[in-house]
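Colleague: Chains as they are written, first to last, in my numbering: chain A, 1 to 210; chain B, 1001 to 1210. For every residue, glycine included, the Cβ atom is placed at its ideal position computed from N, Cα and C. This one's a predicted model, so the numbers in the text were calculated from it and none came from an experiment. One structure, as structure tokens, below. Some questions next.
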DNA sequence: GGCGAATTCAGACTTGGGACGGAGGTAAAA
DNA sequence: TTTTACCTCCGTCCCAAGTCTGAATTCGCC
């Protein structure tokens, strides 16, 4: 038999790390080489331990899993990152996949699924949870989120709208004229395809831009 | 020494259950008598296993932890329920405590904290995570959420505002005149202490009234 | 029967929001 | 250098939104 697959576990819940250990330690082709409890520890561990696969949680205190994934893959593109998290909302899934994660599993996954995902990862194969896969299909339909077309200034204005500010307040806060604010608001409304500031505020909240 | 404390673990993540087992099995005054992976299994397990303490996750597929807690305590008020979850937002914390949970811990808690919470629970003592405790203080300050003052009609109107509807659209949808809608909107704004419909919509979204 | 709360609506009024068109300045890309 | 995108600002016009006052209806409740 060949070398065992070296795995690094990244999760801020000690409990989850223990559970994963219980899953993986009985597999003799898998070796857990280390753990990290926050994103800012990951890069250093990867340098020292040279894992083949990283099991990565997304929600962490200081540096989240998406940022950590980007950092790792920038330095070590040969690493395979398997996202293992509780969430399957758009705001987490797509940034994670864009960051270069190989697989995306939910924590409800069984031991077998996780072990299988690890083995596939070293071969370059992906495993995407069914719920997440559904989201992806959906995404390909309505393409890019509309707010990506906004300029940075428009984004600023949208945030303030979403905080309930009036045009006058926005003008004051950004040190620009009310007329200018109105122009931005008009552009925002047409880019988002909504008909008034209230709908724009709702849009911002639903897309977690606040 | 006396009887060990009988503990039931309720969590839909097999991984977490394993981690908890690793925590608790080394304590000889604690005995894990069983597990459940969804809220609808809990009552039956409690009947069969008579645990002293239940470690309860909140997010589960079919029946959530809050509902399960209510069911258990209605039948077995001597049980102590320790909520053990990843969330500390108002919408989860307060219903859980109102349902009768003894303690509220986050999954970031260490083994020692969890073991300690279990020992305290049997004596009737509570352990509340610091972040959660902060929320509670906050809650006691601004008392009842303002939207509880709304009449049922006003609540209906608020929901529609929060969906981005105009006064005219609301009037049509509720089969009433625009004037009436305006009256309701005015009342809503003053009761919520906000100055326009956009802020009302934001309020509704932040308080998950949608 | 009377009281209060909720719901409905009216008229008169003010103001803020938004559309539309025009225009100057700047910085990066072609 | 010309073009393009972005940010800035002006004025005019219109209507939706919101305030205020006042009032009629229904309903539960003491």
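(1) Since residue 1020 of chain B meets chain A, which of its residues come closer than 7 angstroms, beta carbon to beta carbon?
(2) What first and last residue would you give for the beta strand (DSSP E) that runs through residue 1035 of chain B?
(3) Taking a Cβ distance cut-off of 9 angstroms, strictly less, list which residues of the stretch 1076 to 1095 of chain B are near chain A, in chain order.
(4) Tell me, to the nearest whole angstrom, how far the beta carbon of residue 18 of chain A is from that of residue 1018 of chain B; I am working on the premise that it is less than 8 angstroms.
(5) Identify each residue in the stretch 117 to 129 of chain A for which the Cβ-Cβ distance to at least one residue of chain B is less than 9 angstroms, and report them in chain order.
(6) Taking residue 1197 of chain B as the query, report the chain A residues whose CB atoms sit under 8 angstroms from its CB, ordered along the chain.
(7) Starting from residue 152 of chain A and walking both ways along the alpha helix (DSSP H), at which residues does that stretch end?
(8) Find the nearest neighbour of residue 1099 of chain B within the set B/1120, B/1067, B/1127, B/1037, judged by alpha-carbon distance.
(9) In terms of residue numbering, what span does the beta strand (DSSP E) encompassing residue 1056 of chain B cover?
(10) Less than 7 angstroms between C-beta atoms, sequence neighbours within five positions excluded: which residues of the same chain meet that for residue 177 of chain A?
(11) Contact criterion: CB-CB distance below 8 angstroms. Does residue 194 of chain A meet it with respect to chain B?
(12) Measure the alpha-carbon distance for residue 107 of chain A versus residue 1157 of chain B and round it to whole angstroms.
(13) Going by DSSP, name the residue or residues bridged to residue 1103 of chain B.
(14) According to the Cβ coordinates, are residue 38 of chain A and residue 3 of chain A closer than 8 angstroms?
(15) Three or more C-beta pairs under 8 angstroms: does that hold for the stretch 1010 to 1017 of chain B against the stretch 174 to 194 of chain A?
(16) With a threshold of 8 angstroms on Cβ separation, who are the neighbours of residue 149 of chain A within its own chain once the five nearest residues in sequence on each side are excluded?
(17) Is any beta-carbon of chain B found at less than 8 angstroms from that of residue 54 of chain A?
Modeller: According to the data block:
(1) 15
(2) Here the beta strand (DSSP E) through residue 1035 of chain B covers 1030 to 1036.
(3) 1084, 1086
(4) 7 angstroms
(5) none
(6) One finds 198 in chain A with Cβ atoms closer than 8 angstroms to the Cβ of residue 1197 of chain B, taken in chain order.
(7) Here the alpha helix (DSSP H) through residue 152 of chain A covers 152 to 162.
(8) B/1067
(9) 1053 to 1056
(10) 171
(11) yes
(12) 39 angstroms
(13) Bridge partners of residue 1103 of chain B: B/1082.
(14) no
(15) no
(16) 191
(17) No, its Cβ sits nowhere closer than 8 angstroms to a Cβ of chain B.
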